[in-house]
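Numbering (full-length UniProt numbering), first residue to last: 1 to 446. For every residue, glycine included, the Cβ atom is placed at its ideal position computed from N, Cα and C. Being a predicted model, the structure only gives us computed values, none of them experimental. These notes are about the structure you will find just below.
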Ligand SMILES: Nc1ncnc2c1ncn2[C@@H]1O[C@H](COP(=O)(O)OP(=O)(O)OP(=O)(O)O)[C@@H](O)[C@H]1O
Ligand SMILES: [Mg+2]
């Protein structure tokens with residue numbers, strides 16, 4: 001256990017949408033990682049005089065009790081949306097995680113490159129006002145991922161809850177090179193779940209879903225060549241079958257599901273379904289029909305609800321548009337987001353040829369979804385087909401750290417670099433100049 005109050009190092013928090021990574025600057029790995037989830041008990045009246053206080057659970061403790069708690073994930077695709085839940089998580093870090101409350105809070109936090117200005121201000125305000133932070137820093141996680149390799153230039157790809165990218169030159173993000181793809185780890189898990197339903201396997205409870213996560217992490221991979229070829233060559237296709245022992249001792253075999261679920265980063269789901277002929281069998285169709293009838297009635301109800309929701313969404317969209325205008329790096333429109341290699345290719349076109357070659361020879365892959373085997377080879381192959389002018393070399397440096405910890409490791413390195421100390425945001429500055437000065441932190445990276 002760390003003696004949190006005897007260290008001078010700041011806490012480094014990689015505020016992931018799916019997983020929080022928390023530890024001390026200068027360390028090699030995070031002290032703790034836990035799901036970015038908060039669960040709250042409903043307030044209960046025990047008798048007329050006594051009302052049981054609502055208890056809050058964070059991380060795994062919340063997920064374990066998801067059946068009886070109302071759970072919330074405060075961050076959606078890198079952007080904090082539920083501030084109350086986010087504060088509960090930060091509160092847990094400051095008061096419980098290290099076994100004792102932190103007396104003097106110094107914190108380095110990661111943020112998305114698409115973080116709206118308004119969110120950046122609110123984050124700083126909460127840390128200074130609620131947690132009485134003395135020193136504060138917010139750094140885009142894509143920058144830190146490149147730092148974790150001891151580099152200051154490269155192509156940063158982060159794939160966690162979704163997939164974002166930007167080109168970084170000499171420590172600065174190249175404007176107009178930031179983009180994101182709305183595909184992430186949960187999409188892969190969900191697709192795998194759908195594929196396994198076709199095999200009669202269902203994953204519903206918390207434990208089941210944990211098994212599914214493990215199954216995905218242990219057995220899935222990216223196909224290196226055209227995935228269709230793999231299926232045509234039967235011998236190869238048989239070689240990829242692996243069995244996995246479930247907790248109850250039952251063994252299940254996974255074949256093409258192992259790579260079909262990760263194809264989402266390379267092709268639209270509908271095309272994958274067509275390509276692999278993922279059709280239900282006749283029996284299953286009968287069952288499906290019965291289920292569908294039941295569902296029809298539910299759908300009618302849902303439709304009515306949806307109409308109302310759509311109206312709300314329209315309003316939200318308008319608000320979002322306004323917010324997007326306030327981000328430093330503009331998000332691209334959905335139409336432009338095709339797949340991972342295309343996203344890299346499209347954004348590379350905006351960069352000078354020589355610099356492009358340099359940056360593409362240092363592609364930094366980080367985030368949980370880059371752990372699946374085969375990603376470097378597959379991406380290289382696809383990029384070669386797209387970018388052929390003067391044949392740039394696509395290189396992917398390898399790291400000793402797990403890719404999902406890259407942003408945290410970069411933060412840890414950053415926090416321990418003496419020459420940045422002067423640029424941190426101190427409480428005195430916040431009190432003198434107001435929360436606006438949080439934006440100057442970003443000036444070091446653009
Ligand atoms: N070893 C692994 N192999 C494959 N997938 C993994 C592995 N470890 C984690 N993942 C998946 O990666 C995802 C989480 O990745 P990560 O921790 O990088 O996201 P995050 O930092 O919380 O999100 P973001 O950076 O997008 O806000 C989950 O969907 C998880 O299932
Ligand atoms: Mg992350």
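How about residue i: is its C-beta nearer than 8 Å to some C-beta of chain B?
| i | result |
| --- | --- |
| residue 149 | Looking at the structure shown, chain B is missing, and only one protein chain is on hand. |
May I ask you to report which of helix, strand or coil DSSP gives residue i?
| i | result |
| --- | --- |
| residue 158 | strand |
| residue 421 | helix |
| residue 38 | strand |
| residue 346 | helix |
| residue 341 | helix |
| residue 259 | helix |
| residue 447 | In this structure the chain extends from 1 to 446, so residue 447 is not present and cannot be described. |
| residue 411 | helix |
| residue 108 | strand |
| residue 6 | helix |
| residue 428 | helix |
| residue 368 | helix |
| residue 373 | strand |
| residue 396 | coil |
| residue 89 | helix |
| residue 282 | Note that residue 282 scores 48 on pLDDT, short of 50, meaning its location in the model is unreliable and no value can be drawn from it. |
Shortest alpha-carbon distance to residue i belongs to which of the options?
| i | options | result |
| --- | --- | --- |
| residue 404 | 160, 253, 116, 426 | 160 |
| residue 421 | 98, 134, 231 | 134 |
| residue 216 | 69, 370, 130, 93 | 370 |
| residue 368 | 213, 94, 203, 387 | 213 |
| residue 99 | 3, 365, 268, 169 | 3 |
| residue 59 | 96, 28, 409 | 96 |
| residue 158 | 142, 190, 169 | 142 |
| residue 35 | 29, 25, 18 | 18 |
| residue 74 | 16, 65, 268, 92 | 16 |
| residue 118 | 435, 445, 40, 446 | 435 |
| residue 64 | 433, 440, 207, 269 | 207 |
| residue 238 | 426, 247, 380, 253 | 253 |
| residue 182 | 267, 409, 192 | 267 |
Along the chain, where does the beta strand (DSSP E) that runs through residue i open and close?
| i | result |
| --- | --- |
| residue 11 | 11-15 |
| residue 227 | It is not in any beta strand (DSSP E) - residue 227 instead sits in the alpha helix (DSSP H) that spans 227-232. |
| residue 135 | 135-140 |
Report the partner residues of residue i according to the DSSP bridge assignment.
| i | result |
| --- | --- |
| residue 169 | 172 |
| residue 251 | 245 |
| residue 180 | 164 |
| residue 206 | Note: residue 206 sits in no beta bridge, so no partner. |
| residue 24 | 11 |
| residue 33 | 21 |
| residue 56 | 40 |
Would you say the beta carbon of residue i is closer than 7 Å to some non-hydrogen atom of ligand 2?
| i | result |
| --- | --- |
| residue 158 | yes |
| residue 62 | no |
| residue 182 | no |
| residue 67 | no |
| residue 367 | yes |
| residue 16 | yes |
| residue 141 | yes |
Quick one: does the C-beta of residue i sit closer than 7 Å to a heavy atom of ligand 1?
| i | result |
| --- | --- |
| residue 216 | yes |
| residue 447 | Residue 447 is absent from the model: the chain starts at 1 and stops at 446. |
| residue 73 | no |
| residue 78 | yes |
Between which two residues does the alpha helix (DSSP H) harbouring residue i extend?
| i | result |
| --- | --- |
| residue 440 | Neither: residue 440 is in no alpha helix (DSSP H) and is coded neither H nor E. |
| residue 125 | 117-129 |
| residue 190 | 185-197 |
| residue 357 | 353-360 |
| residue 274 | 269-275 |
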